[in-house]
């Protein structure tokens with residue numbers, strides 16, 4: 081086949097795979113926002129069919145021949161074409177050895193598992209979710225075997241979410257964080273703190289949604305290319321750069337959870353909305369890794385959204401939105417309140433300092449699961465033991481324990497470490513940005529134009545065309561260094577709690 085024909089085939093393959101991903105994403109969005117609970121059977125059948133078609137499209141003799149042909153003439157390819165070939169090869173190698181029927185059946189299982197988790201969490205009944213979780217775990221163990229990777233089995237799953245991440249590297253990273261963070265937590269707990277208590281107050285959902293949308297637009301979210309909806313667990317769904325959807329969840333007794341989760345998801349969404357328009361509907365048109373993705377959500381939520389400078393601009397606007405509950409609150413008290421540090425049960429509501437400990441717990445448990453050191457039925461008790469060990473607290477019920485996260489029901493083992501990596505990446509990125517212009521001054525004025533422009537130029541626009549390592553090096557001028565994260569936490573909270 082001629083070189084020109086091969087490029088046409090590459091374009092067609094890219095389009096077809098992206099179209100399938102688009103359809104699957106639409107079904108998933110519907111499932112997590114509006115679909116009735118009894119729709120699961122039809123949805124799982126549809127996802128099974130789409131997954132089977134995706135598998136046949138990617139894992140075919142024609143695709144393998146196309147990749148080999150183009151890999152042999154790399155010097156003739158453009159940067160975008162080279163990036164597509166690299167991504168396709170990576171995606172191909174990950175699933176090539178998995179039996180087609182098993183791959184398709186897994187998508188159906190995940191559709192059912194997600195609903196089973198939601199019901200189990202609502203009713204605090206781990207035993208009803210257990211059979212689904214056992215199947216999901218077994219599939220992932222099979223998946224590791226099919227890949228035939230050497231080293232720690234769990235490294236295979238880590239690599240799926242953060243390229244080149246291994247258990248050995250993660251152990252070093254978390255070990256460093258633990259040595260630095262635990263003493264900081266202990267120091268803060270000896271100091272007087274401000275805890276915002278809105279007991280008896282009422283924050284209506286319509287008003288929360290209105291203010292959340294206002295903040296989203298202020299941050300740089302393009303509302304004509306996205307929506308804000310509600311779900312049990314906040315998430316971002318990228319269809320392509322001009323259709324990026326996010327969800328949040330509201331509590332009428334306290335606005336903080338919805339507001340901060342909205343800012344977090346907006347960071348994810350702005351990343352997707354800023355990907356190079358030239359990629360179109362393409363396999364390159366999404367974030368390069370979950371670690372880099374989390375760096376963008378967490379830089380918006382924590383480095384910006386929990387900063388004093390940010391609330392110098394937006395605190396009075398918040399008080400106007402909720403005058404009755406907030407009229408007696410001053411900025412200093414509010415700032416300390418949203419940065420209150422305390423060991424807690426719920427990961428997504430944890431403060432910046434203890435949050436990495438929540439991730440370490442999940443990392444340790446997942447590592448045990450995939451090294452056959454714990455049975456699935458033992459997970460609730462192991463969860464409680466780890467929380468006692470790391471945070472000094474013990475969840476009494478599973479809905480605030482092992483059932484709190486959606487990730488395992490969707491087979492996302494290996495994902496959690498990317499949250500902690502994202503926080504560390506964010507600190508390094510923010511440090512670099514501070515050397516270019518005064519981020520604090522921009523936050524104080526509520527001007528995110530230069531901030532989003534810089535992030536777009538240095539990180540967002542590349543999509544999957546560069547690896548996480550390449551993006552971090554080009555954006556910051558150095559390889560990953562978690563010291564920036566520890567320094568950020570130490571400086572911020574030491575100043576707050578002298």
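In our numbering, the protein residues as written are 81 to 578.
Glycine included, every Cβ here is placed at the ideal spot set by N, Cα and C.
Practice problem: Return helix, strand or coil for residue 204, following the three-state DSSP convention. | Solution: In the chain shown, the residue the question calls residue 204 occupies position 124. Coil at residue 204, not helix or strand.
Quiz item: Quick one: what's got a C-beta closer than 6 Å to residue 177's C-beta in the same chain, skipping five residues either side?
Solution: On the chain shown, position 97 is the one that residue 177 refers to. Here the set comprises 226.
Self-check item: Continuous beta strand (DSSP E) stretch holding residue 306: start and end
Solution: For the purposes of this step, residue 306 is taken as residue 226 along the chain shown, with counting starting at 1. Residue 306 -> beta strand (DSSP E) spans 306-310.
Quiz item: Do residue 423 and residue 472 have their CB atoms nearer than 7 Å?
Solution: Sequence index remark: in the chain shown, residue 423 carries index 343 (1-based). Sequence index remark: in the chain shown, residue 472 carries index 392 (1-based). In this structure, residue 472 lies closer than 7 Å to residue 423 by Cβ.
Quiz item: Taking DSSP as the reference, what is the three-state secondary structure of residue 101?
Solution: Along the chain shown, one-based indexing puts residue 101 at 21. Helix at residue 101.
Practice problem: May I ask which residues mark the beginning and end of the beta strand (DSSP E) holding residue 324? | Solution: Locating residue 324 in the chain shown gives position 244, where the first residue counts as 1. Per DSSP, the continuous beta strand (DSSP E) segment holding residue 324 begins and ends at 323-328.
Practice problem: Reducing DSSP to helix, strand and coil, say where residue 523 ends up. | Solution: Here the question's residue 523 lines up with position 443 in the chain shown. For residue 523, the three-state secondary structure derived from DSSP is helix.
Exercise. To the nearest angstrom, report how far apart residue 270 and residue 119 are at their CA atoms.
Key: By one-based count along the chain shown, residue 270 stands at place 190. By one-based count along the chain shown, residue 119 stands at place 39. Each residue's alpha carbon lies about 51 Å from the other.
Quiz item: What separation, rounded to the nearest whole angstrom, lies between the Cα atoms of residue 209 and residue 370?
Solution: Taking the chain shown and counting its residues from 1, the one referred to as residue 209 is at position 129. Taking the chain shown and counting its residues from 1, the one referred to as residue 370 is at position 290. Those two C-alpha atoms are separated by around 26 Å.
Quiz item: Do you know how far the Cα of residue 142 is from the Cα of residue 265?
Solution: The residue given as residue 265 occupies position 185 in the chain shown. The residue given as residue 142 occupies position 62 in the chain shown. If you draw a straight line from the Cα of residue 265 to the Cα of residue 142, it comes to about 56 Å.
Exercise. Within its chain, find whatever has a CB closer than 6 Å to the CB of residue 254; leave out the 5 residues flanking it on each side and keep chain order.
Key: If you number the chain shown from 1, residue 254 lands on position 174. Closer than 6 Å at Cβ, skipping near neighbours: 440.
Self-check item: Residue burial classification, residue 148 (beta-carbon count within 10 angstroms, cutoff 16)
Solution: For the purposes of this step, residue 148 is identified with residue 68 of the chain shown, where counting begins at 1. With fewer than 16 other Cβ atoms within 10 Å, it is exposed.
Practice problem: Going by CA-CA distance only, name the one from 93, 339, 187 and 435 that's closest to residue 498. | Solution: Your numbering for residue 498 matches position 418 in the chain shown. From the listed residues 93, 339, 187 and 435, the smallest Cα separation to residue 498 is found for 435.
Quiz item: Curious, which full-length alpha helix (DSSP H) runs of at least 4 residues does the segment 310-379 contain?
Solution: Whole alpha helix (DSSP H) segments, 4+ residues: 336-353 and 370-378.
Quiz prompt | Nearest to residue 128 (by Cα), restricted to the options 288, 307 and 101 | solution = In the chain shown, residue 128 corresponds to position 48, counting from 1. With distances taken between Cα atoms, residue 128 lies closest to 101.
Quiz item: When the Cα of residue 491 is compared with those of 407, 194, 453 and 421, which residue comes out closest?
Solution: The residue you call residue 491 lines up with position 411 of the chain shown. Closest by C-alpha distance to residue 491, out of 407, 194, 453 and 421, is 194.
Self-check item: Expected contact under 8 Å - CB spacing of residue 113 and residue 250 to nearest Å
Solution: In the chain shown, residue 113 corresponds to position 33, counting from 1. In the chain shown, residue 250 corresponds to position 170, counting from 1. Between residue 250 and residue 113 the Cβ distance is about 33 Å, and since that is not below 8 Å, they are no contact.
Practice problem: Grab me the residues of residue 378's own chain with a C-beta within less than 6 Å of its C-beta, minus the 5 sequence neighbours each way, in chain order. | Solution: Against the chain shown, residue 378 aligns to sequence position 298. Only residues of its own chain outside the window of five on either side were considered, and among them 502, 503 and 506 have a CB closer than 6 Å to the CB of residue 378, listed in chain order.
Quiz item: From this set, 303, 204 and 511, which residue's C-alpha is nearest residue 321's C-alpha?
Solution: Position 241 of the chain shown, counted from the first residue, corresponds to residue 321. Answer by Cα proximity: 303.
Quiz item: Apart from the five residues on each side of it in sequence, which residues of its chain come closer than 6 Å, Cβ to Cβ, to residue 388?
Solution: The residue you call residue 388 lines up with position 308 of the chain shown. So the qualifying residues of the chain are 415.
Practice problem: Pull up the distance between the alpha-carbon of residue 85 and that of residue 457, whole angstroms please. | Solution: Counted from its first residue, the chain shown places residue 85 at position 5. Counted from its first residue, the chain shown places residue 457 at position 377. One C-alpha to the other measures close to 54 Å.
Practice problem: Taking residue 179 as part of the alpha helix (DSSP H), name the residues at either end of that continuous run. | Solution: Locating residue 179 in the chain shown gives position 99, counting from the first residue. Taken as a continuous stretch (DSSP letters only), residue 179 belongs to no alpha helix (DSSP H), as it is neither H nor E.
Quiz item: If we count the other Cβ atoms within 10 Å of its Cβ and call it buried at 16 or more, is residue 539 buried or exposed?
Solution: Residue 539 sits at position 459 when you count from the first residue of the chain shown. Flag for residue 539 reads buried.
Quiz item: Of all the alpha helix (DSSP H) runs that stay within the bounds of the segment 368-455, which reach a length of 4 or more residues?
Solution: Every alpha helix (DSSP H) of 4 residues or more that sits fully in the segment 368-455 is shown, in chain order, as 370-378, 388-401, 403-406, 411-418 and 435-449.
Quiz item: Hey, out of 469, 278, 179 and 444, whose CA is closest to residue 252's CA?
Solution: Taking the chain shown and counting its residues from 1, one reaches residue 252 at position 172. When only C-alpha atoms are compared, the closest one is 444.
Practice problem: Would you kindly work out how many angstroms separate the C-alpha atoms of residue 550 and residue 248, rounded to a whole number? | Solution: Translated into positions along the chain shown, residue 550 becomes position 470. Translated into positions along the chain shown, residue 248 becomes position 168. The straight-line gap from Cα to Cα measures roughly 21 Å.
Quiz item: Roughly how many whole angstroms lie between the Cα atoms of residue 312 and residue 105?
Solution: On the chain shown, position 232 is the one that residue 312 refers to. On the chain shown, position 25 is the one that residue 105 refers to. Approximately 17 Å between the Cα atoms of the pair.
Self-check item: Exposure of residue 154, with buried meaning 16 or more beta-carbon neighbours within 10 Å
Solution: Indexing the chain shown from 1 puts residue 154 at position 74. Residue environment: residue 154 is assigned as exposed (fewer than 16 neighbouring CB atoms within 10 Å of its CB, all protein chains considered).
Self-check item: Same chain only: Cβ atoms within 8 Å of residue 373, ignoring 5 sequence neighbours per side
Solution: As a first step, residue 373 must be located in the chain shown, where it is residue number 293. Excluding sequence neighbours, residue 373 sits near 348, 351, 367, 498 and 502.
Practice problem: Excluding the 5 residues preceding and the 5 following residue 450 in the sequence, name in chain order all residues of the same chain whose CB lies nearer than 6 Å to its CB. | Solution: If you number the chain shown from 1, residue 450 lands on position 370. Within the same chain, residue 450 has close Cβ partners 233 and 234.
Quiz prompt | Residue range of the alpha helix (DSSP H) that includes residue 576 | solution = Counting from 1 along the chain shown, the entry for residue 576 is found at position 496. 563-576 is the span of the alpha helix (DSSP H), which, as asked, contains residue 576.
Exercise. Return the first residue and the last residue of the alpha helix (DSSP H) that residue 482 is part of.
Key: Locating residue 482 in the chain shown gives position 402, counting from the first residue. No alpha helix (DSSP H) holds residue 482; DSSP gives it neither H nor E.
Practice problem: Work out the CA separation of residue 552 and residue 509 for me, nearest whole Å. | Solution: Along the chain shown, read from residue 1 onward, the residue named residue 509 stands at position 429. Along the chain shown, read from residue 1 onward, the residue named residue 552 stands at position 472. Answer to the nearest angstrom: the Cα atoms are 8 Å apart.
Quiz item: In the structure shown, what three-state DSSP assignment does residue 122 receive?
Solution: By 1-based counting over the chain shown, the position of residue 122 is 42. In the structure shown, residue 122 sits in a helix (DSSP, three-state: H, G or I).
Self-check item: Other residues of its chain near residue 169: CB distance less than 8 Å, five sequence neighbours each side excluded
Solution: In the chain shown, residue 169 corresponds to position 89, counting from 1. Listed in chain order, the non-local C-beta contacts of residue 169 below 8 Å within the same chain comprise 147 and 151, local neighbours out to five positions each way being set aside.
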